[in-house]
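Chemist:
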Amino acid sequence: MNFPTIIRFCQAGAIAGSLCIGMANFPTQAQPNPVQHQASISRVKALPSQQIIYVNSATGIDAATAGKDPSIPLRTITFALRQAPSGTLIQLAAGTYSAHSGEVFPLKLKSGVTLKGDVATNGQNVVINGGGRYLSRTFARQNVAVVAEKDSTIIGVTIGNSNLRGTGLWIESTNPTVKYSTFTNNHREGIFVTGTATPKIAANVFVKNGGNGMSLANEAQGEIRNNLFQDTGFGLAIGGTAAPIVVENKIIHNRDGIFVSQEARPVLRNNAIENNQRDGIAIAACSLAQIDLASSNTFNNNGQYDIHNGGANPIVLVGGTAKTAQETQKNQCY
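Listed below in structure tokens is the structure:
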């Protein structure tokens, strides 16, 4: 069976059903610039009564009197988060927000707070770059740029964490909304979703991340809609008993499009899974994963198979055609 050679990161002591995060053991091949990603979701604007804190890493100053007007902004997101009650919009000016500019990582986006950059460009000029130690309840010690709490929102920013095993955004048993953003140059993955999280992740770009565009583990659910996953190891890696709804995404030019393991039960609808170097969907050897493919996913020009099933359960494809391989080999479980 030609499933990926993987450097597997399995956190010792993690609860049963957690995900072994795959980092593909190959150099990432250069690809063209990300394809133009057309988002169809309405833009988010500040409510008339919403408190706004302005931040500019180049011209701001971290003082209690600053941040209330765009002409006198704060310097760091870190300071803004200390001042922000639930319901606050933190508006970021173009620039790079890093340890060099005074940020302390990970940034912990508090409940009900919105972090907003430039929606029109998916945050290409509003860059959060860095990471710090974070103790996860389900995966122990991690290196993370941003942690999203309950009812928080991230919109129009770029997040990158090039630290060893670095993750851009960590979502654990919370329900944030993440959209119109870019996740790139993360050493491991752009977003990690775990615990009982139910995020809404829409209209984002995941490109050139070292391991996966997004990883989902444990009992994670939520909706992943209208995103671009391009030029990474696995576009999405879904394990544990995770059961996300994956709808209308472009999953292209990765080593493998979607990697499914353990007892995961993703629902896939109307995705374009195309031009991946090896498999469109790869199901781990001997896993009990069940994939719902009951609606018009598009498979085209994947290098080996569109659906490469090494798991114990058959895959039923409805509303489309695909090159498939059923290769259950119980002696090769991992």
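Here the sequence shown stands for residues -30 to -1, 1 to 304, where the numbers follow mature numbering (1 follows the signal peptide of the UniProt record, and there is no 0). Just so it is clear, CB atoms sit at the ideal spot from N, CA and C, and this is done for glycine as well.
Are there 16 or more other CB atoms within 10 angstroms of the CB of glycine 273, so buried, or fewer, so exposed?
Modeler: The residue in question, glycine 273, is exposed, as its Cβ has fewer than 16 Cβ neighbours within 10 Å.
Chemist: Do aspartate 88 and alanine 54 count as a contact pair if the criterion is CB distance below 8 Å?
Modeler: No, these two residues do not count as a Cβ contact at 8 Å.
Chemist: Between the segment 232 to 239 and the segment 262 to 271, do three or more beta carbon pairs fall short of 8 Å?
Modeler: The segment 232 to 239, when compared against the segment 262 to 271, does touch it at the 8 Å Cβ threshold.
Chemist: Just checking my contact of lysine 86 with glycine 126 at CB under 8 Å: how many whole Å lie between their CB atoms?
Modeler: So it is a contact: roughly 6 Å between Cβ atoms.
Chemist: Can you tell me whether serine 56 is buried or exposed? The criterion is at least 16 other CB atoms within 10 Å of its CB, across all chains shown.
Modeler: Exposed is the call here.
Chemist: What beta strand (DSSP E) runs, 3 residues minimum, are completely inside the segment 42 to 109?
Modeler: If we require 3 residues or more, the beta strand (DSSP E) runs fully inside the segment 42 to 109 come out as 59 to 62, 65 to 68, 77 to 79, 84 to 86, 96 to 99, 102 to 106.
Chemist: Taking only the alpha-carbon atoms, compute the straight-line gap between glutamate 142 and valine 117 and give it to the nearest angstrom.
Modeler: If I take the Cα positions, the gap works out to 8 Å.
Chemist: How would you label asparagine 196, buried or exposed, when you count the other beta carbons within 10 angstroms and need 16 or more for buried?
Modeler: It counts as buried.
Chemist: So, for glutamine 247: in the same chain, excluding its five sequence neighbours on each side, which residues have a beta-carbon less than 6 Å away from its beta-carbon?
Modeler: So the list reads Arg225, Gly273, once near-sequence residues are dropped.
Chemist: Using the three-state DSSP reduction, which class does isoleucine 194 fall into: helix, strand or coil?
Modeler: If DSSP states are grouped into helix, strand and coil, isoleucine 194 belongs with the strands.
Chemist: Under 8 Å between the Cβ atoms of valine 163 and alanine 190?
Modeler: For valine 163 and alanine 190, yes; Cβs fall inside 8 Å.
Chemist: Would you mind working out which of Thr84, Ile98, Lys220 sits nearest aspartate 201, comparing C-alpha positions?
Modeler: Per the Cα distances, Lys220.
Chemist: Quickly, what does DSSP pair aspartate 121 with across the bridge? List them, please.
Modeler: Bridge partners of aspartate 121: none, in fact.
Chemist: Looking only at its chain, what residues have a beta carbon closer than 6 Å to the beta carbon of leucine 186, apart from the 5 residues adjacent to it on each side?
Modeler: The residues are Val163, Ile208, Ala212, Pro214.
Chemist: Taking the beta carbon of arginine 111 as the centre, do at least 16 other beta carbons fall within 10 Å, making it buried, or is it exposed?
Modeler: It is exposed - the Cβ of arginine 111 has fewer than 16 other Cβ atoms within 10 Å.
Chemist: Helix, strand or coil: how does DSSP classify leucine 139 here?
Modeler: Reduced to three states, the DSSP call for leucine 139 is strand.
Chemist: Using 10 angstroms around the beta-carbon of arginine 107, count the other beta-carbons present and answer buried if the total reaches 16, otherwise exposed.
Modeler: Label assigned to arginine 107: exposed.
Chemist: Please state whether DSSP places asparagine 150 in a helix, a strand or coil.
Modeler: Checking the sequence shown, residue 150 turns out to be tyrosine, not asparagine. Coil, per DSSP.
Chemist: For aspartate 39 and tyrosine 67, I'd like the C-alpha separation in whole angstroms.
Modeler: Each residue's Cα considered, the two are about 19 Å apart.
Chemist: Quick one: residues in its chain with C-beta nearer than 7 Å to the C-beta of alanine 36, no 5 flanking neighbours on either side, listed in chain order?
Modeler: Once the five neighbours on either side are set aside, the close Cβ partners of alanine 36 are Gly30, Ile42, Pro43, Leu44.
Chemist: Helix, strand or coil, according to DSSP, for serine 10 in the structure here?
Modeler: Unreliable placement is indicated for serine 10, whose pLDDT of 37 sits below 50; no coordinate value is reported for it.
Chemist: Quick one: give me the first and last residue of the beta strand (DSSP E) that lysine 170 is part of.
Modeler: Its beta strand (DSSP E) spans residues 170 to 172.
Chemist: For threonine -3, which residues in the same chain have their Cβ closer than 6 Å to its Cβ, ignoring the five residues on either side in sequence?
Modeler: Residue placement at threonine -3 cannot be trusted, given a pLDDT of 34 that sits under 50; the coordinates are not used to answer.
Chemist: According to the Cβ coordinates, are glycine 72 and glycine 101 closer than 8 Å?
Modeler: Result no, Cβ atoms of glycine 72 and glycine 101 do not sit closer than 8 Å.
Chemist: Does DSSP put isoleucine -25 in a helix, a strand or coil?
Modeler: The predicted model places isoleucine -25 with a pLDDT of 38, which falls under 50 and marks its position as unreliable, so this point remains unresolved.
Chemist: Going by DSSP, what residues sit across from glutamine 112 in a beta bridge?
Modeler: Glutamine 112 is bridged to Tyr104.
Chemist: Drop a sphere of 10 angstroms on the beta-carbon of lysine 149, count the other beta-carbons inside from all chains shown, and report buried for 16 or more, exposed for fewer.
Modeler: When all chains shown are included, lysine 149 counts as buried.
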